[in-house]
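Just add 510 to the spot in the sequence shown (first one is 1) and you have my numbering. For reference, the structure discussed in these notes is given below.
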Amino acid sequence: MLEAAGKFIIAAPGTMFSATFVIDGIIHIFTGTFGGTSVEPTDGVVTLTYNALGDLTDAHNFSGVIGATPIKITLDNGNEITGTLTNPISLGNSVSGTGKWNNAN
Numbered sequence: 511m512l513e514a515a516g517k518f519i520i521a522a523p524g525t526m527f528s529a530t531f532v533i534d535g536i537i538h539i540f541t542g543t544f545g546g547t548s549v550e551p552t553d554g555v556v557t558l559t560y561n562a563l564g565d566l567t568d569a570h571n572f573s574g575v576i577g578a579t580p581i582k583i584t585l586d587n588g589n590e591i592t593g594t595l596t597n598p599i600s601l602g603n604s605v606s607g608t609g610k611w612n613n614a615n
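If you want it as structure tokens, here you go:
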């Protein structure tokens, strides 16, 4: 498994998030939407665990937990985004939804 450090942001109104990672000089951004769940806006430092760069493409379903405990989002291809929030949310939220990888140079 490979790892990359990154930044996690939940933007207002709290139903969308992005996780950004720089790998080999290329910016990889996973942007997702929480299905039916609204999460307080916050940000954090995260780590992406993945098998290969080819995993960082296309749309994926995800599930996980965001809240007072560390972030853990698992994508349907087995990749994981884990870390901590700058301002933890008082109660943990189980989350699920869809997201998509994009690259920026």
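Here a beta-carbon is modelled for each residue, glycine too, at the ideal position from N, C-alpha and C.
**Request:** Measure the CB-CB distance between Phe544 and Thr525 and report whether it falls below 8 Å.
**Result:** Start at 1 with the first residue of the sequence shown, and residue 544 comes out as number 34. Start at 1 with the first residue of the sequence shown, and residue 525 comes out as number 15. Yes, the pair counts as a contact, with Cβ atoms nearer than the cut-off.
**Asked** Could you give the C-beta distance for Val549 and Ile576, rounded to a whole number, given that I count them as a contact under 8 Å?
**Response** The residue given as residue 549 occupies position 39 in the sequence shown. The residue given as residue 576 occupies position 66 in the sequence shown. Sure, about 6 Å apart at Cβ, within 8 Å.
**Request:** Can you grab the Cα-Cα spacing for the pair Thr608 / Val555, in whole Å?
**Result:** Here residue 608 refers to the residue found at position 98 when the sequence shown is read from its first residue. Here residue 555 refers to the residue found at position 45 when the sequence shown is read from its first residue. The straight-line gap from Cα to Cα measures roughly 21 Å.
**Message:** If I follow the unbroken beta strand (DSSP E) through Asp553, where does it start and stop?
**Reply:** Translated into the one-based positions of the sequence shown, residue 553 becomes position 43. 552–560 is the extent of the beta strand (DSSP E) around Asp553.
**Prompt:** Going by the beta-carbon positions, is the gap between Thr596 and Pro580 smaller than 8 Å?
**Reply:** Locating residue 596 in the sequence shown gives position 86, counting from the first residue. Locating residue 580 in the sequence shown gives position 70, counting from the first residue. Judged by their CB atoms, Thr596 and Pro580 are not nearer to each other than the 8 Å cut-off.
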